[in-house]
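Student: Residue numbers (full-length UniProt numbering): 1 to 336. Note that beta-carbon positions come from the ideal geometry of N, C-alpha and C, so glycine has one too. None of the values given here were measured: they were computed from a predicted structure.
(1) Roughly how many angstroms separate the alpha carbons of residue 135 and residue 298, rounded to a whole number?
(2) In whole angstroms, what separates the C-alpha of residue 292 from that of residue 230?
(3) Mind checking which residues open and close the beta strand (DSSP E) that includes residue 194?
(4) Any idea what DSSP makes of residue 103, helix, strand or coil?
(5) Specify, as a first and last residue, the run of the beta strand (DSSP E) that residue 23 falls within.
(6) Spell out the partners DSSP gives residue 282 in its beta bridges.
(7) Would you say the beta carbon of residue 103 is closer than 8 Å to some non-hydrogen atom of the ligand SAH?
(8) Does DSSP put residue 337 in a helix, in a strand, or in coil?
(9) Got a sec? Which residues, its chain only, sit under 6 Å from residue 131 by beta carbon, not counting five neighbours each side?
(10) Please classify residue 336: is it buried, with 16 or more other beta-carbons within 10 angstroms of its beta-carbon, or exposed?
(11) Buried or exposed: residue 244, going by 16 or more other Cβ atoms within 10 Å of its Cβ?
(12) Which ranges does the alpha helix (DSSP H) cover as unbroken runs of at least 4 residues, wholly within the UniProt domain "Beta-lactamase class A catalytic" (32-131), from first to last along the chain?
(13) Residue 249 and residue 39 - do their beta-carbons sit closer together than 9 Å?
(14) Taking 9 Å as the threshold (C-beta atoms), are residue 251 and residue 268 in contact?
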């Protein structure tokens, strides 16, 4: 903990207390600050998934299991399959297909309507057209023989963020050239820990929020989302040697390849990119009657160079988040 500032560590431990029919959540933040920017990476996929389910409920003629493809692409899929892949293996292409269905303006408006802030979603993930403001139409199958397009929509371009630590490091690679200046994140997605926690709480504990602040999900849609959030890669047929149980569960499990005990369930969406590891996880132990939320982010980029793939994920970041989760778990065991 002596060098916390070097790692830009932020975390929020949320204690969950159940009393009769009510749930009381108590947040314990450590250095969590909305004004101190970190790159959220794949954690934004939690928003994509929840709002896709909500929009499907309000779109006539299609549902979770409707087949579709993105115009100009050959991959045919369903909304359900893409949501499952988002959580099981953090599939960027699956996220981006759903992003075309939603669009930046729709996402940001829906979050604002639910009083979820601060947040700004501005781009797709790991694709050359990440910041394209015109979405690509989806071609959906209304039945086996009838298809129809959805979209496109034209969205507002992002305005640069003005936040602490919005530029990071001392240099970065772009097109194989090393540029001797800090990396600028001002046009990128912004999803601080407090907002990630707001989204997770609305999914797990919707009853704590006014109806207009909740995600508008039917009972089956919410059950599907929670199931997806806790799906392990092997449950979708992925090779456990490449996609081990803790692959997408940084807190408690990210630093080992052991099988996660069946009594431990994690409902989360983690993300890693630009040397930043983040997880927002609701963890349940059915055997010991334990539940808590841990939201944390850490930057591991010792040399200060971005896009060089020299990040200390395996040696510092994942071991820290794994042990952090286990220490909180021990604390919860003592509380019982």
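Tutor: According to the structure shown:
(1) Residue 135 sits at position 135 when you count from the first residue of the chain shown. Residue 298 sits at position 298 when you count from the first residue of the chain shown. Those two C-alpha atoms are separated by around 32 Å.
(2) Residue 292 sits at position 292 when you count from the first residue of the chain shown. Residue 230 sits at position 230 when you count from the first residue of the chain shown. If I take the Cα positions, the gap works out to 15 Å.
(3) Working through the chain shown from its first residue, we reach residue 194 at position 194. Unbroken run through residue 194 is the alpha helix (DSSP H), 193-204; no beta strand (DSSP E).
(4) Your numbering for residue 103 matches position 103 in the chain shown. Residue 103: coil per DSSP, three-state reduction.
(5) Position 23 of the chain shown, counting from 1, holds the residue named residue 23. Segment 22-30, the beta strand (DSSP E) holding residue 23.
(6) Here residue 282 refers to the residue found at position 282 of the chain shown. Within the DSSP secondary-structure output, residue 282 pairs in a beta bridge with 267 and 293.
(7) With respect to small molecules bound, the structure shown includes none, and the ligand SAH cannot be examined in it.
(8) Look at the range of the chain in this structure, 1 to 336, and you will see that residue 337 is not part of it.
(9) Sequence index remark: in the chain shown, residue 131 carries index 131 (1-based). Answer for residue 131: 123, listed in chain order.
(10) By one-based count along the chain shown, residue 336 stands at place 336. So residue 336 ends up on the exposed side.
(11) Locating residue 244 in the chain shown gives position 244, counting from the first residue. With 16 or more other Cβ atoms within 10 Å, it is buried.
(12) Complete alpha helix (DSSP H) runs here, min 4: 45-57, 79-89, 92-102 and 104-113.
(13) Position 39 of the chain shown holds residue 39. Position 249 of the chain shown holds residue 249. No; because the gap between Cβ atoms is not below 9 Å, this pair is not in contact.
(14) For the purposes of this step, residue 268 is taken as the residue at position 268 of the chain shown. For the purposes of this step, residue 251 is taken as the residue at position 251 of the chain shown. The answer is yes: Cβ separation under 9 Å.
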